[in-house]
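Shown next, in structure tokens, is the structure this report addresses.
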Amino acid sequence: MKKAFKFFVASFFATQLSASIAQIQIEPLGNRDINYRIERRLEKLVDLIQRDRAHLAMYPQAKEVLLKNINFAIDSIVGNAGPGPGPNPNPYPNPTPFPPARILEVTALVEDFKLTLLGATVGEIFTQCMDSYPASSSSVDEIAVVANNSRVVWLYNRTSTYGDKGSVCSLISQNVNVSTVNQPVGYITVNGAFEQSNFTLSGDSKAKILSQCFDAFQSSSHNGLDEIYVAVGKLPMVRLYNQKSYWNQASSACNQVMEVVDTSFP
0 MKKAFKFFVA
10 SFFATQLSAS
20 IAQIQIEPLG
30 NRDINYRIER
40 RLEKLVDLIQ
50 RDRAHLAMYP
60 QAKEVLLKNI
70 NFAIDSIVGN
80 AGPGPGPNPN
90 PYPNPTPFPP
100 ARILEVTALV
110 EDFKLTLLGA
120 TVGEIFTQCM
130 DSYPASSSSV
140 DEIAVVANNS
150 RVVWLYNRTS
160 TYGDKGSVCS
170 LISQNVNVST
180 VNQPVGYITV
190 NGAFEQSNFT
200 LSGDSKAKIL
210 SQCFDAFQSS
220 SHNGLDEIYV
230 AVGKLPMVRL
240 YNQKSYWNQA
250 SSACNQVMEV
260 VDTSFP
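This is the structure we're talking about:
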């Protein structure tokens, strides 16, 4: 049974996730309730794969992570099928929560350096951070972190700096909110400007919005700015003005943008 499911998944990727649920053949088990429950869970599995298919193109490690999570889901599906309760007017009487697609999509801005991280666990996020963060970087005191659709986490060391990459990556990992992995917010569109440099950001997660904000800030060529304009979707434009100082880093400027996004998508 498990091999049949894994063959389906392999075929699903081979055809670029284009097979429909109507084409899936499930091995008869001699009990209608069991078949129905497996079909329902398999439909949810297909929906999760379809939702995350964009990661395959965006991140080289996404396919490996998705396959790992799909294998976990298959094991859970097969292991939870169990004997059916017999004839019952409700064909799905005892639903078991479907295991979440534990794919963490993390964007972290360490001042003017961007980390785009993808993994199944916080430990994998930490490892990727250690592999990606330049060893020569030091003396940073500003970090902005978004995991999937979490609220932006603003880390600012007022008394010192965060030191080497081990301490930076540890801090980022500690602020990954795993509860937001399967929290959809819909498609996000943000229009605005860093003073005179306009930008448009769009994506299906806040992590993608923060990543694009970094690119927009780098393209704006500002050494310091005190005025930002942000409009999320069809909501009114918000003007942000720094009366005391300047937003000199991508992390601080984009933290301001993400705080406006968070008010629209809490």
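Residue numbers (numbering that gives the first Met the number 0): 0 to 265.
Yeah, the Cβ is synthetic: ideal placement off N, Cα and C, and Gly gets one too.
Boundaries of the beta strand (DSSP E) in which K113 is found, first to last residue: Taking the sequence shown and counting its residues from 1, one reaches residue 113 at position 114. Looking at the DSSP string, the run of the beta strand (DSSP E) that includes K113 is F112 to G118.
Extent of the continuous alpha helix (DSSP H) to which P158 belongs: The residue labelled residue 158 in the question sits at position 159 within the sequence shown. What sits at residue 158 in the sequence shown is Thr, not Pro. Under the DSSP assignment, T158 falls outside any alpha helix (DSSP H); it carries neither an H nor an E label.
Under 8 Å between C-beta atoms of V105 and V189: Here residue 105 corresponds to residue number 106 of the sequence shown, with the count starting at 1. Here residue 189 corresponds to residue number 190 of the sequence shown, with the count starting at 1. Not a contact, by the Cβ cut-off of 8 Å.
Rounded C-alpha distance that separates A252 from R157: The residue given as residue 252 occupies position 253 in the sequence shown. The residue given as residue 157 occupies position 158 in the sequence shown. A252 and R157 have their C-alpha atoms some 17 Å from each other.
Every unbroken alpha helix (DSSP H) inside the segment 199 to 227 [4 residues or more]: The segment 199 to 227 contains these whole alpha helix (DSSP H) runs: 205 to 219.
Under 8 Å between C-beta atoms of V145 and L209: Indexing the sequence shown from 1 puts residue 145 at position 146. Indexing the sequence shown from 1 puts residue 209 at position 210. Yes.
Proximity of G118 and L108 at Cβ, strictly below 8 Å: Along the sequence shown, one-based indexing puts residue 118 at 119. Along the sequence shown, one-based indexing puts residue 108 at 109. No.
The segment 161 to 171 / the segment 200 to 207 touching (three or more Cβ pairs under 8 Å): Touching, no.
K207, buried or exposed, once every other Cβ within 10 Å from all chains shown has been counted against 16: Along the sequence shown, one-based indexing puts residue 207 at 208. Classification of K207: buried, given that the 10 Å Cβ count is 16 or more.
N-terminal and C-terminal residue of the alpha helix (DSSP H) that T262 is part of: The residue labelled residue 262 in the question sits at position 263 within the sequence shown. Looking at the DSSP string, the run of the alpha helix (DSSP H) that includes T262 is A249 to S263.
Beta-carbon gap between S196 and V231 smaller than 8 Å: For the purposes of this step, residue 196 is identified with residue 197 of the sequence shown, where counting begins at 1. For the purposes of this step, residue 231 is identified with residue 232 of the sequence shown, where counting begins at 1. For S196 and V231, no; Cβs fall outside 8 Å.
Backbone CA spacing between Q217 and A249 [nearest angstrom]: As a first step, residue 217 must be located in the sequence shown, where it is residue number 218. As a first step, residue 249 must be located in the sequence shown, where it is residue number 250. Going from the Cα of Q217 to the Cα of A249 covers about 7 Å.
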